[in-house]
Amino acid sequence: MLDRSVPHTFAGASRRRRLTQAAAIAVTALTAVGLAACSSSTGGSGVSTPAAGATAPGNPTSGTITWWASPITTSGTDPRTVLISAFEKAYPNIKVNLVSAPNDTDTNRATLTTQISGGGGPDVYMGDVIWPAQFGAHQLAVPLSKYLPKSYWDMFAQGLVQGATYKNQVYGAPFFEDQGFLYYRKDLLQKYNLPVPTTWEQLVTDAKKVQAAGAVKDGYVFQGANYEGATCNFMEFLADAGGTVLNSDQTKSTLDSAAADKALAFEQSLVTSGVSPQAESTYQETQSMNAFAAGDALFLRNWDYAYGQSQASGSKVVGKVGVAPMPTFSGQPTPGYSNIGGWNLYINPHSKNIAADVTFIKWMTGNDAQTTLATQFSEIPTNATVRSSADVKKANPVLAIVSETKLVPRPAQTPDYPQVSKAIYTAVNGVLAGSAQPKAAITKASADIDSALGGGL
Ligand code: GLC
């Protein structure tokens, strides 16, 4: 679900992303399949770069293009229209028509794939970072690296281009990055003399105390509904417990493990102990955000933009919110893992003016648009120059700690990722809803993943 509300201006801070060693290994392992067949013509990033003279069909400076994008904010100024107007000023002969896409990433993908497979769809679309393998394998996106040189891809922060690559071609231009963070009520932790938790166990202890004192209804709210967001949250618990979903060549499930049982049993215990609400199994980003912004929860797991939303007018916790990297299980090195999310820009293979699409994408990933996204809408910019700019680095508490997070990607380098994820979120959701038990749910999810990878689910 892409649901963000950052209606006020931020002086955002940016950062150079630091993948910890473990996360770097995870990313490397996940991209190894795609990069294994690198030929000598590939650039240092392992991406095939265009042959000299490769040109995109259409006119790069004129025409009308449609841009499919889900809302980046839910109130206040719409960043999509701000960016479109600035682009049209820079390129007066290109007109961009916005098509507002569904909020939920799963519905968004299903709608779009139906349109594109049927020969239609928008010219450019904003799509999730988990889409490149599926979209690349099924010709639902143009390999952008055919038209954009290595120097273009080099301007992005480390790791993002690899995540958008499938079989040596880059399908998505990184537009903004999301990461999971722990938001907490700093007023309440202070009042009850409690530490900002660095472990899940501490989080539970803090939560129970503040709940027992009657200061909040819920201890911890997160995303547990039957959709992609539940996979994102589970990936964090799973990585904290030392587990993985797939083997390194993405051909087999590695999910059926003591680590996965521990991760899911912990999620279940959050609900059964009352630290998290019974309604967790229906919570997407919006519901968990609403509970926190209403002052009902001590802790919230959400993406970077949630800070802005917690400080927006209408929120009851303005001035009372702190943000930290995610906790981990006791005994593990801190911090815990944050899942990597975010959105890329892709081109529909049926587009008649790919040259203008490329112009639009270049501008949207360039300094002006990225600075707007980072400073006015508290997004994590993908453009490395903007990320490291002193002006952009001011005042946003989320961007200020981005360099401390430890990242875990979803296993999205397989074109079967939608089914892999569905197996995970179905298991998680069933357990949170009380209709399944962790060990059995994990065993079933693992078997479902194996049949998905074999093309059977
Ligand atoms: C955010 C992330 C995206 C993820 C989605 C899940 O929009 O950027 O990657 O799939 O949340 O709800």
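Taking this note's numbering, the leading residue of the sequence shown gets 822, the next gets one more, and so forth.
Heads up, the beta-carbon is just placed ideally off N, CA and C, and yes, glycines get one too.
Residue burial classification, residue i (beta-carbon count within 10 angstroms, cutoff 16)
{"i": "residue 1136", "result": "buried"}
{"i": "residue 1099", "result": "exposed"}
{"i": "residue 1192", "result": "buried"}
{"i": "residue 1020", "result": "buried"}
{"i": "residue 920", "result": "exposed"}
{"i": "residue 953", "result": "buried"}
{"i": "residue 962", "result": "buried"}
{"i": "residue 1202", "result": "buried"}
{"i": "residue 1140", "result": "exposed"}
{"i": "residue 855", "result": "Confidence in residue 855 is poor, its pLDDT being 29 and thus under 50, which makes the residue's placement unreliable; the coordinate value appears in the next sentence. Answer is buried; the Cβ neighbour count reaches 16."}
{"i": "residue 960", "result": "exposed"}
{"i": "residue 1018", "result": "buried"}
{"i": "residue 879", "result": "buried"}
{"i": "residue 824", "result": "Any reading at residue 824 must be qualified, since the residue scores a pLDDT of 34, below 50, and its modelled position is unreliable; the value itself is stated next. The residue in question, residue 824, is buried, as its Cβ has 16 or more Cβ neighbours within 10 Å."}
{"i": "residue 890", "result": "buried"}
{"i": "residue 865", "result": "Note on residue 865: pLDDT 41, under 50, position unreliable in the model; the coordinate value appears next. Exposed, by the Cβ-count rule."}
{"i": "residue 1068", "result": "exposed"}
{"i": "residue 1226", "result": "buried"}
Local conformation of residue i per DSSP, three classes
{"i": "residue 1254", "result": "helix"}
{"i": "residue 1098", "result": "coil"}
{"i": "residue 1272", "result": "helix"}
{"i": "residue 1215", "result": "coil"}
{"i": "residue 1228", "result": "strand"}
{"i": "residue 1210", "result": "coil"}
{"i": "residue 985", "result": "coil"}
{"i": "residue 1162", "result": "strand"}
{"i": "residue 1057", "result": "helix"}
{"i": "residue 1261", "result": "helix"}
{"i": "residue 1108", "result": "helix"}
{"i": "residue 856", "result": "Confidence at residue 856 is low in this model, with a pLDDT of 27, below 50, so the placement of that residue should be treated as unreliable; the coordinate-derived value is given next. Helix, per DSSP."}
{"i": "residue 1174", "result": "coil"}
{"i": "residue 1090", "result": "helix"}
{"i": "residue 949", "result": "strand"}
{"i": "residue 919", "result": "strand"}
{"i": "residue 1031", "result": "helix"}
{"i": "residue 1238", "result": "helix"}
{"i": "residue 847", "result": "Residue confidence is low: residue 847 scores 36 on pLDDT, short of 50, so the model does not pin down where it sits. Its coordinate-derived value is still stated next. If DSSP states are grouped into helix, strand and coil, residue 847 belongs with the helices."}
{"i": "residue 1246", "result": "helix"}
Rounded separation between residue i and residue j - CA only
{"i": "residue 875", "j": "residue 1267", "result": "43 Å"}
{"i": "residue 1110", "j": "residue 1240", "result": "27 Å"}
{"i": "residue 925", "j": "residue 1126", "result": "16 Å"}
{"i": "residue 845", "j": "residue 1056", "result": "Low per-residue confidence applies at residue 845: pLDDT is 33, beneath 50, and the placement is therefore not dependable, though the value from the model is reported in the following sentence. Approximately 16 Å between the Cα atoms of the pair."}
{"i": "residue 1122", "j": "residue 1029", "result": "17 Å"}
{"i": "residue 1257", "j": "residue 1251", "result": "5 Å"}
{"i": "residue 902", "j": "residue 1150", "result": "42 Å"}
{"i": "residue 944", "j": "residue 957", "result": "16 Å"}
{"i": "residue 996", "j": "residue 1209", "result": "16 Å"}
{"i": "residue 859", "j": "residue 976", "result": "For residue 859, the pLDDT reaches just 28, beneath the cut-off of 50, and the residue's location in the model is therefore unreliable, although a value from the coordinates is still provided. Between residue 859 and residue 976, the C-alpha separation is close to 21 Å."}
{"i": "residue 885", "j": "residue 1173", "result": "10 Å"}
{"i": "residue 1273", "j": "residue 927", "result": "17 Å"}
{"i": "residue 1066", "j": "residue 1077", "result": "8 Å"}
{"i": "residue 1009", "j": "residue 1194", "result": "31 Å"}
{"i": "residue 1145", "j": "residue 1176", "result": "42 Å"}
{"i": "residue 1269", "j": "residue 1132", "result": "41 Å"}
{"i": "residue 1082", "j": "residue 932", "result": "34 Å"}
{"i": "residue 1102", "j": "residue 1040", "result": "16 Å"}
{"i": "residue 917", "j": "residue 1190", "result": "15 Å"}
{"i": "residue 983", "j": "residue 1196", "result": "26 Å"}
Residue i - containing beta strand (DSSP E), residue span
{"i": "residue 1120", "result": "1118-1124"}
{"i": "residue 1301", "result": "The displayed coordinates of the chain run from 822 to 1278. Any statement about residue 1301 would go beyond what the structure contains."}
{"i": "residue 1135", "result": "Looking at the DSSP string, residue 1135 is not in any beta strand (DSSP E), and its letter there is neither H nor E."}
{"i": "residue 906", "result": "Run containing residue 906: none in the beta strand (DSSP E); it sits in the alpha helix (DSSP H), 900-911."}
{"i": "residue 1295", "result": "Outside the shown range of the chain (822 to 1278) lies residue 1295, about which nothing can therefore be said."}
{"i": "residue 1041", "result": "1039-1042"}
{"i": "residue 885", "result": "884-890"}
CB contact check: residue i to chain B, cutoff 7 Å
{"i": "residue 995", "result": "Looking for chain B here will not work: only one protein chain is present."}
Rounded Cβ spacing between residue i and residue j (contact assumed at less than 8 Å)
{"i": "residue 1206", "j": "residue 1188", "result": "6 Å"}
{"i": "residue 1053", "j": "residue 1162", "result": "6 Å"}
{"i": "residue 1007", "j": "residue 1213", "result": "Contact flag wrong, Cβ pair sits at about 24 Å."}
{"i": "residue 1165", "j": "residue 877", "result": "Not really, about 18 Å apart at Cβ, beyond 8 Å."}
{"i": "residue 1097", "j": "residue 1031", "result": "Actually they are not in contact, since the Cβ atoms of residue 1097 and residue 1031 sit about 14 Å apart, beyond 8 Å."}
{"i": "residue 1074", "j": "residue 1237", "result": "That pair is no contact at about 11 Å."}
Range of the contiguous alpha helix (DSSP H) that encloses residue i
{"i": "residue 1190", "result": "1188-1198"}
{"i": "residue 957", "result": "953-958"}
{"i": "residue 928", "result": "926-938"}
{"i": "residue 968", "result": "Unbroken run through residue 968: none, as it is neither H nor E."}
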